[in-house]
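Okay, so here's the structure we're looking at.
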Amino acid sequence: MGPIMLDIDNGHLMDDWENASRTEVSDYKAGAQEICINETWVKDPPNILIFSLNRVKYDKNALKLVKDFKKFEFEKVIHADQLLEGNIGRIDGVRERTRRLKAEIKRLRAELEACKEDTTLEGLSNTVSFLKAQIAAKNGTVQ
Numbered sequence: 004m005g006p007i008m009l010d011i012d013n014g015h016l017m018d019d020w021e022n023a024s025r026t027e028v029s030d031y032k033a034g035a036q037e038i039c040i041n042e043t044w045v046k047d048p049p050n051i052l053i054f055s056l057n058r059v060k061y062d063k064n065a066l067k068l069v070k071d072f073k074k075f076e077f078e079k080v081i082h083a084d085q086l087l088e089g090n091i092g093r094i095d096g097v098r099e100r101t102r103r104l105k106a107e108i109k110r111l112r113a114e115l116e117a118c119k120e121d122t123t124l125e126g127l128s129n130t131v132s133f134l135k136a137q138i139a140a141k142n143g144t145v146q
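All letters in the sequence shown, in the order written, are residues 4 to 146 by our numbering.
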């Protein structure tokens, strides 16, 4: 087994390794609703795993190579059994549930960021405070 080539799209070893081991065949010619997935599984894990991180990609817009400086994290413990050929049947359900949970986490993070950037609530709070102060001033009371 040679080095495992990884794109660093997710920034986490296991996520990017899973992406590298499961690719869609782009030139598959079947019905419009069908896709072809090519999966690569480890039959016998070696004593040493070697990973090669692809940090250089070709930018089609700029027409040049661009280096990717994204942070990449290696887990302290690598669970290679998730990609062993002998565990194909057992891991499929876990993978699907993990994909759904990761998609939900991504959606929630995006929603959280949108809330952080949204100043509407802060503006409404300031408006309410202003109106309370105006009403108090009109009634001659101090707030």
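The beta-carbon is built from N, C-alpha and C at its ideal position, and this holds for glycine as well. In this text, all values refer to a predicted model and were calculated from it rather than measured experimentally.
Which residue wins for smallest C-alpha separation from E99, given the options N64, D18, C39, L66? For the purposes of this step, residue 99 is identified with residue 96 of the sequence shown, where counting begins at 1. Comparing Cα-Cα distances from E99 to each of N64, D18, C39, L66, the minimum goes to D18.
Check L9 in the structure and name its three-state DSSP category. Numbered from its first residue, the sequence shown carries residue 9 at position 6. Three-state result, L9: strand.
Would you check if there are 3 or more beta carbon pairs closer than 8 angstroms linking the stretch 86-96 to the stretch 50-59? no
When DSSP labels each residue in this structure, what does Q46 get in the three-state scheme? Within the sequence shown, the letter at position 43 stands for residue 46. Residue identity differs from the one stated: residue 46 is Lys in this sequence, not Gln. Coil, per DSSP.
List the endpoints of the continuous beta strand (DSSP E) containing R58. Counting from 1 along the sequence shown, the entry for residue 58 is found at position 55. Segment: none, R58 is in no beta strand (DSSP E) and carries neither H nor E.
Selected residue, minimal CA-CA separation from Y31, among M8, S24, C39: Looking up residue 31 in the sequence shown gives position 28. Taking only the C-alpha atoms, the option nearest Y31 is C39.
Look at the alpha carbon of L104 and the alpha carbon of N22, and state the distance between them as a whole number of angstroms. As a position in the sequence shown, residue 104 is number 101, starting the count at 1. As a position in the sequence shown, residue 22 is number 19, starting the count at 1. Between L104 and N22, the C-alpha separation is close to 16 angstroms.
By Cβ distance below 6 angstroms, which residues in the same chain neighbour V59 in space, the five residues on each side in sequence not counted? The residue you call residue 59 lines up with position 56 of the sequence shown. If we look at V59 and ignore the five residues flanking it on each side, its Cβ neighbours are L68, K70.
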